[in-house]
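Below: one structure, written as structure tokens.
In structure tokens, the structure reads:
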């Protein structure tokens, strides 16, 4: 089913939401949380909150495999800090909140057609948001990942507008541009790059249901052929998924898209090659494949490759790369291809620093720091965290990379964050959930991210020492998978059960994720039971 | 299990094994779930569904196909969708 929404209708329905909020006494400074599946009410309820002067924030809904009791207990803790005034959600999720949380007292509203019926023309006095000052707080962007650790990135109207101006300039945005997206709005790529850019630039947005897209990624290609959009943002895994799950013989006219922009995950040159090989006959060219480095703390984009030119790929010496230096590949040391994320946007400065905070020259790998004219002002009600991450106008990203010829290359993380299908998970949280299970030696497991060759995807493998060999060959794997899926919504790819002492420790006696990952990839860690390892 | 169900399971098993790179002798039953098999996540699930649709010449309803709990439910869905092609 296709629903067309004009800008006029969008304004009318958002205004109706704003009036509804006002009748409930919701206004300036109040937090409105929006937890909805794909529906136009996402847009109406968000913009309505802005018009009412409230502070809206999108959040993800529980997946079909997640346990709703755990989902709501995690959110209870988060909401104790955020103290939302209202939650806009669907009936099933509202009912789950009441079922699982004793004395659940946050007001909720379920979207209905009546809620967005246009009324009489509103005037500015009815809608305090129309009189907002540029530096007023507009909304919160919540980081993806574990609910309890979610951080509300505070963004002002000015920051969002200035970012869009700079980002559109880099993309050479023109009046005829339009955007196609399957991305959820609780992710900055769907929210800022697609929704906000479309709104601020006044251009068309063709929006697909994310869950329908996951099941049938071909829908995106059919939408491109039908509606002829020119811009499309995708995380790296999505490029692979489209190739993997589209009938090999199917053809589409994709020639309208001048930029497919890879973002939010480590971007791989091999993924671009597979996409190009599959869709070159459909009108995709190498110089249509682009890369952006983005972070919610900078509204969205910090760097972006330049449209019209192919994103730079450099071939570096693999050995020197492992020691933190970038030099051209030599025949005897192995080689590695790396994909550029492009130069910084106007108003953005990038600094790469060593562990002591000293700024590194180009071609040296270190932690990436970002300063910009539209950098966030802090995490909502978390001053200590803000102070730890935001110092002297520089945001410490936790990402690792280097500058080369004025362009940023991102190569990893300083912490144990794993990015899987565009979502962030922390290895220590997965390991903690596993350590509570019977049969697992406490503190003797590691979660690692590895490349799955079959589907060109990053997957999570768990290496776990057991009290006795997992002779059943699969029960432990099944129990671990279920627990992680129910708690975190993450599907563990493989579980390798090991005997006590098989995992390698660091000199300080801690289990080493890095060394055990290397051993696993080399095939040197073999399962003690029959649990099959990744091929 | 009737002969027809047996044949259906045999053909579904073949698609499951191909999708997840399992050895020919790997036993897939109606009770097999995503937790039993390496690499069965929401993305590879859609590749499995594509393979099933191709094998049986059917289009499965998206929402139900996404929320399947085990191979048995997948077999039921194929039956409801009227899948009958698939001479392999």
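Chains as they are written, first to last, in our numbering: chain W, 2 to 536; chain A, 1001 to 1088.
No residue lacks a Cβ here, since even glycine has one placed at the ideal position from N, Cα and C.
For residue i, name the three-state secondary structure that DSSP assigns.
| i | result |
| --- | --- |
| residue 441 of chain W | strand |
| residue 1045 of chain A | helix |
| residue 380 of chain W | strand |
| residue 506 of chain W | strand |
| residue 283 of chain W | helix |
| residue 291 of chain W | strand |
| residue 199 of chain W | helix |
| residue 464 of chain W | strand |
| residue 1071 of chain A | helix |
| residue 224 of chain W | helix |
| residue 153 of chain W | strand |
| residue 473 of chain W | With a pLDDT of 49 at residue 473 of chain W, under the threshold of 50, the predicted position of this residue should be treated as unreliable, though the coordinate-derived value follows. Three-state DSSP puts residue 473 of chain W in coil, outside helix and strand. |
| residue 255 of chain W | coil |
| residue 497 of chain W | strand |
| residue 140 of chain W | strand |
| residue 1002 of chain A | coil |
| residue 1016 of chain A | helix |
| residue 448 of chain W | strand |
| residue 532 of chain W | Per-residue confidence for residue 532 of chain W stands at a pLDDT of 40, beneath the threshold of 50, marking its modelled position as unreliable; the derived number appears in the next sentence. Of the three classes helix, strand and coil, the one that applies to residue 532 of chain W here is coil, per DSSP. |
Between the options, which lies nearest to residue i when the distance is taken from Cα to Cα?
| i | options | result |
| --- | --- | --- |
| residue 448 of chain W | W/194, W/346, W/416 | W/416 |
| residue 395 of chain W | W/405, W/373, W/316, W/59 | W/373 |
| residue 364 of chain W | W/333, W/401, W/381 | W/401 |
| residue 227 of chain W | W/175, W/3, W/294, W/476 | W/3 |
| residue 232 of chain W | W/298, W/405, W/289 | W/289 |
| residue 239 of chain W | W/523, W/407, W/423 | W/423 |
| residue 86 of chain W | W/116, W/31, W/319, W/426 | W/31 |
| residue 127 of chain W | W/78, W/20, W/94 | W/20 |
| residue 349 of chain W | W/390, W/298, W/324, W/383 | W/298 |
| residue 1066 of chain A | W/58, W/37, W/234, W/216 | W/216 |
| residue 460 of chain W | W/430, W/35, W/104, W/496 | W/496 |
| residue 412 of chain W | W/486, W/478, W/322, W/333 | W/322 |
| residue 519 of chain W | W/452, W/478, W/457 | W/452 |
| residue 392 of chain W | W/358, W/463, W/431, W/195 | W/358 |
| residue 272 of chain W | W/250, W/489, W/258, W/314 | W/314 |
| residue 119 of chain W | W/345, W/28, W/11 | W/11 |
Locate the beta strand (DSSP E) running through residue i, then write down its first and last residues.
| i | result |
| --- | --- |
| residue 485 of chain W | Not the beta strand (DSSP E): residue 485 of chain W falls in the alpha helix (DSSP H), residues 476-489. |
| residue 424 of chain W | 424-427 |
| residue 418 of chain W | 418-421 |
| residue 207 of chain W | 206-208 |
Here's a check: name, in chain order, each residue in its chain whose Cβ is nearer than 6 Å to the Cβ of residue i, leaving out the five neighbours to either side.
| i | result |
| --- | --- |
| residue 183 of chain W | 209, 211, 214, 221 |
| residue 136 of chain W | 157, 159 |
| residue 1034 of chain A | 1040 |
| residue 23 of chain W | 53 |
| residue 173 of chain W | 308 |
Identify the continuous alpha helix (DSSP H) that holds residue i and give its terminal residues.
| i | result |
| --- | --- |
| residue 1040 of chain A | It is not in any alpha helix (DSSP H) - residue 1040 of chain A carries neither H nor E in the DSSP assignment. |
| residue 238 of chain W | 237-245 |
| residue 215 of chain W | 211-216 |
| residue 162 of chain W | 158-171 |
| residue 522 of chain W | 514-523 |
| residue 76 of chain W | 69-83 |
Given residue i, which residues of its chain have a CB within under 8 Å of its CB, disregarding the five upstream and five downstream residues?
| i | result |
| --- | --- |
| residue 361 of chain W | 353, 354, 355, 367, 403 |
| residue 1047 of chain A | 1019 |
| residue 516 of chain W | 505, 507 |
| residue 536 of chain W | At residue 536 of chain W the pLDDT is 33, less than 50, meaning the model places this residue with poor confidence; the figure from the coordinates comes in the next sentence. Closer than 8 Å at the Cβ level, and outside the excluded window around residue 536 of chain W, lie 454, 455. |
List the residues that DSSP assigns as beta-bridge partners of residue i.
| i | result |
| --- | --- |
| residue 453 of chain W | W/458 |
| residue 109 of chain W | W/88 |
| residue 371 of chain W | W/351, W/396 |
| residue 233 of chain W | W/181, W/261 |
| residue 316 of chain W | W/338 |
| residue 363 of chain W | Note: residue 363 of chain W sits in no beta bridge, so no partner. |
| residue 413 of chain W | W/401 |
| residue 304 of chain W | W/294, W/345 |
| residue 549 of chain W | No answer is possible for residue 549 of chain W: the residues shown for chain W start at 2 and end at 536. |
| residue 59 of chain W | W/35 |
| residue 591 of chain W | Absent from the model: residue 591 of chain W. The displayed extent of chain W is 2 to 536, so no value can be given. |
| residue 1 of chain W | This structure leaves residue 1 of chain W out entirely; chain W is present only between 2 and 536. |
| residue 115 of chain W | DSSP, once it has assigned bridges, lists no residue as partnering residue 115 of chain W. |
| residue 29 of chain W | According to DSSP, residue 29 of chain W bridges with nothing at all. |
Going by beta carbon distance, what residues of the same chain come within less than 7 Å of residue i, once the five residues before and after it are set aside?
| i | result |
| --- | --- |
| residue 1032 of chain A | 1070, 1071 |
| residue 156 of chain W | 139, 140, 142, 300, 377 |
| residue 287 of chain W | 277, 311 |
| residue 514 of chain W | 417, 428, 447, 449 |
| residue 503 of chain W | 466, 526 |
| residue 546 of chain W | In the structure as shown, chain W starts at 2 and stops at 536, and residue 546 of chain W therefore has no counterpart that could be examined. |
Beta carbon of residue i: closer than 6 Å to some heavy atom of the ligand MN?
| i | result |
| --- | --- |
| residue 498 of chain W | With respect to the ligand MN, the structure shown offers nothing to examine, as it has no ligands at all. |
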